[in-house]
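Numbering (my numbering), first residue to last: 6 to 139.
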């Protein structure tokens, strides 16, 4: 591991611990106590450790695959928004009284399917995309 990356990680851990301790000593009831300070430092350091572990785990993925996935999610979200807007407009126009819970389930299903298709179609067309994707 190179020295600049190590320094960045250590600074991230320190800043996260500082933010955690500031949060627990100012927001939690009881004010500044050693327990709140310790919980804040430990919580911030654990959060930073989790983020660093996630970063090390993602190191094996290529930037191209990540960019294509993000682009597919964006396309799927846009496609899902169009479909949801159309379906909700049809139900409103027809005057059908559908419960809020049913509409939420329908919207979630539409978005999930649209994002899946967006990612799959973007992955299949990855050779034809001539954007600045490394």
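For each residue, glycine too, the CB sits at the ideal point set by N, CA and C.
Residue 54 is positioned such that its CB atom lies no closer than 7 Å to that of residue 29. When the Cα atoms are used, residue 81 and residue 47 turn out to be separated by approximately 39 Å. Ranked by how close their Cα comes to the Cα of residue 89, the residues 133, 63 and 108 have 108 in first place. Here residue 85 really is in contact with residue 120; their C-beta atoms are around 6 Å apart, less than 8 Å.
For residue 21, the CB contacts under 7 Å within the same chain, skipping 5 residues up- and downstream, are 49, 50, 52 and 53 in chain order. Here residue 43 is exposed: its Cβ has fewer than 16 other Cβ atoms, across all protein chains shown, within 10 Å. The C-alpha of residue 62 is placed about 42 Å away from the C-alpha of residue 104.
In this structure, the CA atom of residue 25 is about 49 Å from the CA atom of residue 101. Note on geometry: alpha-carbon atoms of residue 91 and residue 97 lie some 10 Å from one another.
Taking 4 residues as the minimum length, the alpha helix (DSSP H) runs contained wholly in the stretch 57-100 are 68-99, in order along the chain.
Looking only at 78, 113, 76 and 75, the smallest Cα-Cα distance to residue 93 is reached by 113.
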